[in-house]
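Q:
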Amino acid sequence: MSEEHSSAISKRIESEVVTMKYVDTRTAIPIPHVLHYNAHAEEDVGSPYILMSKVDGVPLSSVWDDMDDDRRLIVLRQVVDILLELWSHRFDKKGGLFDETDGSLCIRSSSLFVSPDNNGTRHRLQTTSYLHAADFWLAYANAQLYDIDESDFGSDIKPFTHSQAWFMRSLIPALFDPSIDVHGFPLSPGDFHSQNIMIADANSSHPRITSVIDWEFSGPDFVSSFAQYPLFIVDHPHWKNDHPLRERNLRDQATFDRLIREAERRRDPVNDNVKLSRLISNSYGIYLFQQAMYYPGMYSSIYPLLFAHVFGDDDDDNFSTDYYWALMENILKKDKQQFDRENGVWLEAREILGEEAVRPHLTRTEFIDLILKFEDRFDNGGSVSQWLTSLKQNVM
-16 MSEEHSSAIS
-6 KRIESEVVTM
4 KYVDTRTAIP
14 IPHVLHYNAH
24 AEEDVGSPYI
34 LMSKVDGVPL
44 SSVWDDMDDD
54 RRLIVLRQVV
64 DILLELWSHR
74 FDKKGGLFDE
84 TDGSLCIRSS
94 SLFVSPDNNG
104 TRHRLQTTSY
114 LHAADFWLAY
124 ANAQLYDIDE
134 SDFGSDIKPF
144 THSQAWFMRS
154 LIPALFDPSI
164 DVHGFPLSPG
174 DFHSQNIMIA
184 DANSSHPRIT
194 SVIDWEFSGP
204 DFVSSFAQYP
214 LFIVDHPHWK
224 NDHPLRERNL
234 RDQATFDRLI
244 REAERRRDPV
254 NDNVKLSRLI
264 SNSYGIYLFQ
274 QAMYYPGMYS
284 SIYPLLFAHV
294 FGDDDDDNFS
304 TDYYWALMEN
314 ILKKDKQQFD
324 RENGVWLEAR
334 EILGEEAVRP
344 HLTRTEFIDL
354 ILKFEDRFDN
364 GGSVSQWLTS
374 LKQNVM
């Protein structure tokens, strides 16, 4: 394992332990107790580890589908209490919790946790630098556009992927309200899913949550990222429209909305500041946006849902394609011309140097280095030579 990989894993362990100790000592949320840990590989173990106390129960994911509406309501009421407690703990930055040498808490950028395999510039943003989600996502979207432009040199689909990323960036002002982050960032669980919620007495009339486990990647986050439905009552993007669990999730979300409104009124019947219930009930667009940005593997399923959320369900299957062609032929025309030219340059280079040398998925830098190495093999009047000349002129 490389030093960079080891460092990322160690930082995750350190932050997870600090977060668990914070939750254990400052909230009523049931979690395992940290008995011992080491964030670095030891000879006798060979890997970083956290030794925790045993917890009772089974994962909620193993029993949720067998519960009737009444038992799911009882569980959701407990989930609401957990989320509202985390919501009440605010911090001044987005990132991971760490201990300072004097024992005080500090917040460091979430980019410390990122695997070195994720080498795009968007993964290296200093999350602690952004005061609200709108600024962060604008920086992230700009970095994504840069990453697209710098990767897969000469790809013939780049005009389309670039226009999709441009469209995603254009949504940010409408989706993210900077004012909701002015009171700080709530403590957000990194993977608050049903497999990480332990439950006992699942078959009784009073199932109870015994522990929330797996606090890796947890920490202070933007309000809009926190204020979303628990994933186990959200439709999976791969589901077809007639999936049998869609109707149940609608009922569970309606139940969740009612329970969290009631809980908020009990906790603070007068204050009508930013309400978590209101934000969650209107979070669908933000959920789709973040899923599409964070998880490229889900993009093909998520993106059509987001597009339909923005423009409405349209019977015309060609609308999405027509929309992007309109972008590429107008406001993104220069970008498309650049990518088309680079595709021609890549094709000529492959014809002259061969498919083994000019592989798909070369970065811009890798392609330039390759061309400079064999510059004398290209005709002066060819696409590669002209492109390289213009590149040198732009650098000067």
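Numbering (this note's numbering) for the sequence shown: -16 to 379.
No residue lacks a Cβ here, since even glycine has one placed at the ideal position from N, Cα and C.
Can you name the start and end residues of the beta strand (DSSP E) that PHE136 belongs to?
A: Element bounds for PHE136: n/a, residue is neither H nor E.
Q: Okay, do the region 129 to 144 and the region 2 to 16 touch, 3+ Cβ pairs below 8 Å being the bar?
A: No, the region 129 to 144 does not touch the region 2 to 16.
Q: Say the cut is 7 Å; is the CB of HIS176 nearer than that to a heavy atom of the ligand ZN?
A: Absence of the ligand ZN from the depicted structure is noted, as is the absence of any ligand whatsoever, leaving it without description.
Q: So, do the region 16 to 32 and the region 122 to 133 have three or more beta carbon pairs nearer to each other than 8 Å?
A: Counting Cβ pairs under 8 Å, fewer than three are found: no touch.
Q: Give me, in chain order, the residues of the same chain whose beta-carbon lies closer than 6 Å to that of LEU262; leave out the 5 immediate sequence neighbours on both sides.
A: Closer than 6 Å at Cβ, skipping near neighbours: ALA210.
Q: Rounded to whole angstroms, what's the CA-CA distance from GLN147 to ASP296? Just pull it up for me.
A: GLN147 and ASP296: Cα-Cα distance of roughly 18 Å.
Q: Three Cβ pairs or more, each shorter than 8 Å: is that satisfied between the region 231 to 244 and the region 54 to 73?
A: Touching, per the Cβ criterion.
Q: Across the region 153 to 167 and the region 186 to 201, are there enough close Cβ pairs to call them in contact, namely three or more that are closer than 8 Å?
A: They do not touch, by the three-pair rule.
Q: Candidates ARG250, HIS292, GLY79, THR10: which alpha carbon is nearest ASP204's?
A: That would be GLY79, whose Cα lies nearest to the Cα of ASP204.
Q: Should the region 241 to 251 be called in touch with the region 265 to 282, which here means at least 3 C-beta pairs below 8 Å?
A: Cβ pair count under 8 Å is below three, so no.
Q: Just tell me which of ASP218, PHE150, LEU288, TYR212 has its CA closest to the CA of PHE175.
A: Out of ASP218, PHE150, LEU288, TYR212, TYR212 has the C-alpha closest to the C-alpha of PHE175.
Q: Taking the alpha-carbon positions, what's the GLN109 to MET276 distance?
A: Spanning the two alpha carbons is a distance of roughly 17 Å.
Q: Verify whether the separation of the beta carbon atoms of PRO15 and SER36 is less than 8 Å.
A: Cβ distance < 8 Å, so PRO15 and SER36 count as in contact.
Q: Please go through the same chain and pick out, in chain order, the residues whose beta-carbon is closer than 7 Å to the beta-carbon of ARG393, but skip the five residues on each side of it.
A: The chain is shown from -16 up to 379; residue 393 falls before or after that span and cannot be answered.
Q: Indicate whether the contact test is met: 3 or more Cβ pairs, each with one atom in the region 89 to 102 and one in the region 307 to 315, closer than 8 Å.
A: These segments do not touch.
Q: Pull up the distance between the alpha-carbon of ARG324 and that of SER112, whole angstroms please.
A: Answer to the nearest angstrom: the Cα atoms are 37 Å apart.
Q: Measuring straight from C-alpha to C-alpha, what distance separates GLU358 and ASP318?
A: Distance between the alpha carbons of GLU358 and ASP318: 26 Å.
Q: Given HIS115, which residues of its chain have a CB within under 6 Å of its CB, disregarding the five upstream and five downstream residues?
A: Excluding residues within five positions, the ones whose Cβ falls inside 6 Å are PRO161, ASP164.
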